[in-house]
Structures are given as structure tokens and as C-alpha cells.
Amino acid sequence: MTIYLPIAELSVNIFIILGMGAAVGFLSGMFGVGGGFLITPLLIFYNIPPVVAVATGANQVVASSISGAITHFRRGTLDVKLGTVLLVGGLTGATVGIWIFSLLRQIGQLDLIISLLYVIFLGTVGGLMLLESINALRRAAKNVPPTPRRPGHHHWVHKLPLKMRFKKSKIFLSVIPVVALGFGIGILTSVMGVGGGFIMVPAMIYLLRIPTNVVVGTSLFQIIFVTAYTTVVQAATNFSVDIVLAFILMIAGVVGAQYGVRVGQKLRGEQLRALLGLLVLAVGLRLAVALIVTPADVYSVVMGAK
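Using our numbering, you'd call the opening residue of the sequence shown number 327 and step up by one each time.
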């Protein structure tokens, strides 16, 4: 069964799109990521134009993130105060990112930059997460306790000024790195069509030292508003959001996210990070191969290009 996408200007199999949305929604709920780093490449692999894939993929992230965040809020694993501080930086970064997106599109380098950014970020983050989680699993298997931190020893992030207490996360932390993290994620959301959870989750755990059980819900909370803002502005400025494609992905994503949250609650933090690391590496490798391998059609003709 095929359906026509008016903005992407092509017909697609609706069941394949539903399958993509459900799978990404499931992973979003399980890992606490928006899923944009998966849905955008998947849409591109399915021959959706990158411009449409980025803007519409961000829209799908909103739906699956809302579904997952509500569940975490009910379970008390969402720090609204911390998420709000992240949001301040996220909205600012998204505004800058949309300007960068428009500029790259005007000079004709958007597709290449998007692919390169995905390969770099996914390869780096996925590799680091997988390495750390494997070491943690080995220590757990040998019953080796983690190395205790020396009394009075603090990470450099915790020495910054403008500190604020986040009771739900049980930390006393400077707002500077929190806002900076949100700003960076906001830029990535606009340029790459991602929620940014694949970077935000490990950064909150390893850099900001936020408890893992609160990170997932808080990450989804911030992702909701930044991606929603990005979607609206992308639709208004670049006219690249395909509402038909977005609606199909949203329906499937919401359903998949609910099941993902349930499965994620049954796995240990080390197992979740290992699985997410493998997933991120796999997507990055697939994009890298696409950049290197010579396409079947070396030349192509685009009608009506401006």
C-alpha cells in the first residue's frame, strides 16, 4: 500500500514508514533518546530528500519523546528544573542552528555536511559509550567495585560558578555547563534533525555526574520543546516539513515508545549503554559506507532544481 508525500514529492510504502516509526519510538523509550539520529538516516536510506528527512524527522522525535517523558514523569524519574535549564540553552542553540541550516542549503552543501556530521558524531559517541559500558560489565562480572573518588576530589565542571541545586537529581551544579550542553544540542537538532539524546545522555552521566535513573526522563523533557520549536521554524522558513510523513511517523512512534520504556526499566544501566553504543556505531558505519562506495548511478538529473 503506497501513499504520496506532497513535500517529499514521491510515493512510499506506508507499512515501511509505520515500521520505521514504531522501531525508532521503541528505541527512544528504551534509551531516553529522541530517535532523530536513527529516523533521519533511515528516511534518507529510503530515498527521502535529506532536507525533508531532517525537518520531518525532528517532528517525529516530538511525539515519541512526549510519550516517553510522560511515563518517566509518573515514575518520578524526571527532573523538571534541570530540564528547564537545559531548555534555555536548547532554544537558543536551535535558533542558531536553523540559520546555519538555511545557509548550508543556499550554498548547496547541506546533504554532504549532514552525512559527515552523522558519521563523526555517531562514530565518536558510539565508540566511547561502547568502550565504557564493556569495561563496566567486565568489572561487574568479576565483582570488582568501581574505583572510589578521593575525598574532596571534584570534576572540573563542579568547580564552575553560578551553582544551582537540583533536588530531584540530588546534585549541586553550575548552570554554565548545563546551558552550554543544551545550546550544543539545540544546534544539532536544527542541522541534523536529531533530538540530541545520543549525546546528551552520556554527557549528563559522565560529564555532569547526574544519576542515570533521572537522565533518561530529563533528556526526553528537553528534547520535546527544542524539537517542537525546530519543527515549527523549519516549516515556516524552509518549507521542508512533510505533514503526511510526519503524521504517520508520530502515530507509530508514540506506540513504540510506550513499549520501549517498559523494556528499558528491566535492563541495567551498563547494558543499556552497551546496546545504545552498538546501535549508534552501526548507524554511523552505514552512513560512512554510503559516503565512500560509488553509487550505482554516477550521474543524476534533477528536474526543476533551483
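Just so you know, even glycine gets a beta-carbon here, dropped at the ideal spot from N, CA and C.
Option nearest residue i by Cα separation, candidates the options
i      : options                        : result
ALA614 : VAL406, PHE371, ILE536         : PHE371
GLY609 : VAL570, LEU442, ALA578         : With the sequence shown as reference, residue 609 is identified as Val, and Gly is not the correct amino acid for it. The shortest C-alpha separation from VAL609 is found at LEU442.
ALA562 : ILE365, THR450, TRP425         : TRP425
MET356 : GLN584, VAL619, LEU344, LEU611 : GLN584
ALA600 : THR382, MET455, GLY402         : MET455
ASP405 : GLN548, PRO528, LEU368         : GLN548
LEU533 : ILE497, VAL558, LEU611         : ILE497
VAL639 : PHE447, ARG401, ARG612         : The structure shown does not extend to residue 639, since the chain is modelled only from 327 to 632, so the question has no answer here.
Supposed contact pair residue j and residue i - C-beta distance, whole angstroms, cut 8 Å
i      : j      : result
LEU575 : GLY347 : 4 Å
LYS493 : SER500 : Not a contact, Cβ separation roughly 16 Å.
GLY543 : PHE399 : 7 Å
GLY453 : LEU607 : 6 Å
GLY394 : VAL587 : 6 Å
VAL380 : THR397 : No, VAL380 and THR397 are not in contact; Cβ-Cβ is about 27 Å, not under 8 Å.
LEU507 : LEU412 : 7 Å
Sequence-distant residues of the same chain with beta carbon closer than 6 Å to residue i, five excluded per side
i      : result
MET526 : ILE511, SER545
VAL552 : GLY416, ALA420, GLY512, THR515
VAL377 : SER566
ASN539 : THR403
GLU335 : none
PHE509 : GLY415, THR418, GLY419
PRO528 : MET455
ILE343 : ILE574
ILE333 : VAL378, ASP568
LEU368 : MET346
MET444 : It is Tyr, not Met, that sits at residue 444 in the sequence shown. These residues qualify, in order along the chain: LEU613.
Contacts around residue i, its chain only, beta-carbon distance under 7 Å, and the 5 residues preceding and following it disregarded
i      : result
TYR555 : LEU417, ALA420
ASP437 : PRO376
Span of the alpha helix (DSSP H), counted from its first residue to its last, around residue i
i      : result
LEU413 : 406-432
TYR555 : 538-563
Bridge partners - residue i, DSSP secondary structure assignment
i      : result
PHE447 : Answer is none; PHE447 lacks a bridge partner.
ARG588 : ARG588 is not bridged to any residue.
ARG491 : PHE498
LEU331 : LEU336
Proximal residues to residue i (C-beta, below 8 Å), its chain only, five neighbours per side dropped
i      : result
ILE618 : none
PHE341 : MET327
PHE352 : GLY582, ALA583, TYR585, GLY586, VAL589
SER286 : No information on residue 286 is available, as it lies outside the stretch 327 to 632 that the chain covers here.
heavy atom of the ligand MG below 7 Å from residue i C-beta
i      : result
ILE569 : The ligand content of the structure shown is nil, which means the ligand MG is not present either.
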